[in-house]
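Structure first, then comments.
Protein chains: 2
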Amino acid sequence: MFELDLRSREPIYQQLVNKFKTLIINQVLATDEKLPSVRTLAQQLTINPNTIQKAYRELEVQGYIYSIKGKGSFVAPIIEQENQATLTTLKEELKKLLSEAIFLGLTKQEVIKMIDQIIVEVEGGEK
Amino acid sequence: MFELDLRSREPIYQQLVNKFKTLIINQVLATDEKLPSVRTLAQQLTINPNTIQKAYRELEVQGYIYSIKGKGSFVAPIIEQENQATLTTLKEELKKLLSEAIFLGLTKQEVIKMIDQIIVEVEGGEK
DNA sequence: TAACTGTACTACATAAACTAATACGGTTAG
DNA sequence: CTAACCGTATTAGTTTATGTAGTACAGTTA
Numbered sequence: 850m851f852e853l854d855l856r857s858r859e860p861i862y863q864q865l866v867n868k869f870k871t872l873i874i875n876q877v878l879a880t881d882e883k884l885p886s887v888r889t890l891a892q893q894l895t896i897n898p899n900t901i902q903k904a905y906r907e908l909e910v911q912g913y914i915y916s917i918k919g920k921g922s923f924v925a926p927i928i929e930q931e932n933q934a935t936l937t938t939l940k941e942e943l944k945k946l947l948s949e950a951i952f953l954g955l956t957k958q959e960v961i962k963m964i965d966q967i968i969v970e971v972e973g974g975e976k
Numbered sequence: 850m851f852e853l854d855l856r857s858r859e860p861i862y863q864q865l866v867n868k869f870k871t872l873i874i875n876q877v878l879a880t881d882e883k884l885p886s887v888r889t890l891a892q893q894l895t896i897n898p899n900t901i902q903k904a905y906r907e908l909e910v911q912g913y914i915y916s917i918k919g920k921g922s923f924v925a926p927i928i929e930q931e932n933q934a935t936l937t938t939l940k941e942e943l944k945k946l947l948s949e950a951i952f953l954g955l956t957k958q959e960v961i962k963m964i965d966q967i968i969v970e971v972e973g974g975e976k
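Residue numbers (the working numbering), protein chains in the order written: chain A, 850 to 976; chain B, 850 to 976.
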């Protein structure tokens, strides 16, 4: 199923994350399809289950899959994937920008004001 | 001149970078003003000159100072308008990103948390 | 209850980051 | 021109972070 480079500079779990991302984005793995269990895949690749676990957690954080204890890990609904993935990226960019802006003198109050304004625009004042 | 926290989790050179940034941005150090030499400051702070050097290099890379071998390190010309312009640009980018992120589910609380975190990093927990 | 599932905790090896010791090369006052 | 300043490169040692593995715990289902 996978070809891993065990002695690559790129961590194994990262390779797994990328492989799965590709498969999921290209719809090779359908929504709600079950991924191999951490143990199964680990045995198959002759690596430690915890490495698979780390990859799966990363995929989950990034919104590509969801895991249920005792049941398994599954491909997340596409829209949610996209949004979560995008959001994660956005958060990183946001943090960089915010750091820079705060350093240049942007105040917390200004940012909050900005957010309030945006929320009004986007959500029309709900919440 | 400086108060360093030698056993902070934040690297010494990073603390120095931040202190100098603040001083330069707030015009406490004027344009072309000479910074203490790496050895002088090192002796004063009882740390290694190389640590100062690392801080100075970082400041140079980020455009805050310039160094001349054999002469010293000096505050780089900082045009206030440039900063303001940068800040304005950043604000626009910020607004776009924030709009997108909030649309995707980022909450106001998350952003505020993010800001607090950044402020702590930038100011290094003084007060 | 047995055989699956994900997950938490710990430990260990390795890689990266940080700081220091030393030496080298440019500038300038005397 | 040399002594006393400057920044900088190289190297090494120490600490910290990262990646992986071993083991044990906890939920699910037939």
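Idealized CB from N, CA, C, for every residue including glycine.
Can you tell me the Cα-Cα spacing of residue i and residue j, whole angstroms?
{"i": "Val866 (chain A)", "j": "Glu907 (chain A)", "result": "7 Å"}
{"i": "Tyr913 (chain A)", "j": "Gly919 (chain A)", "result": "19 Å"}
{"i": "Ala891 (chain A)", "j": "Asn897 (chain A)", "result": "6 Å"}
{"i": "Lys944 (chain A)", "j": "Ile961 (chain A)", "result": "14 Å"}
{"i": "Asn899 (chain A)", "j": "Val924 (chain A)", "result": "19 Å"}
{"i": "Tyr915 (chain B)", "j": "Ser886 (chain B)", "result": "13 Å"}
{"i": "Pro860 (chain A)", "j": "Ser948 (chain A)", "result": "29 Å"}
{"i": "Leu953 (chain A)", "j": "Val910 (chain A)", "result": "31 Å"}
{"i": "Thr935 (chain A)", "j": "Gly921 (chain B)", "result": "46 Å"}
{"i": "Leu939 (chain B)", "j": "Thr889 (chain A)", "result": "48 Å"}
{"i": "Glu942 (chain B)", "j": "Met963 (chain A)", "result": "12 Å"}
Give a yes or no on whether 8 Å exceeds the smallest Cβ distance from residue i to chain B.
{"i": "Val960 (chain A)", "result": "yes"}
{"i": "Asn932 (chain A)", "result": "yes"}
{"i": "Thr871 (chain A)", "result": "no"}
{"i": "Ala950 (chain A)", "result": "yes"}
{"i": "Ile964 (chain A)", "result": "yes"}
Determine the extent of the alpha helix (DSSP H) in which residue i is found, giving its start and end residues.
{"i": "Val866 (chain A)", "result": "861 to 874"}
Spell out whether any CB of chain A is found under 8 Å from the CB atom of residue i.
{"i": "Glu941 (chain B)", "result": "no"}
{"i": "Ile917 (chain B)", "result": "no"}
{"i": "Leu947 (chain B)", "result": "yes"}
Taking 7 Å as the cut-off, is the CB of residue i close to at least one heavy atom of the ligand ADP?
{"i": "Lys962 (chain B)", "result": "Among the components of this structure there are no ligands whatsoever, and the ligand ADP is therefore not found."}
Which of the three DSSP states is assigned to residue i in this structure?
{"i": "Lys976 (chain B)", "result": "In this prediction, Lys976 (chain B) scores a pLDDT of 34, lower than 50, which makes its location untrustworthy; the coordinate-derived value is nonetheless stated afterwards. Residue state, collapsed to three classes: coil."}
Every unbroken beta strand (DSSP E) within the segment 885 to 935 of chain A, with a cutoff of 3 residues, ordered by chain = 914 to 917, 921 to 924
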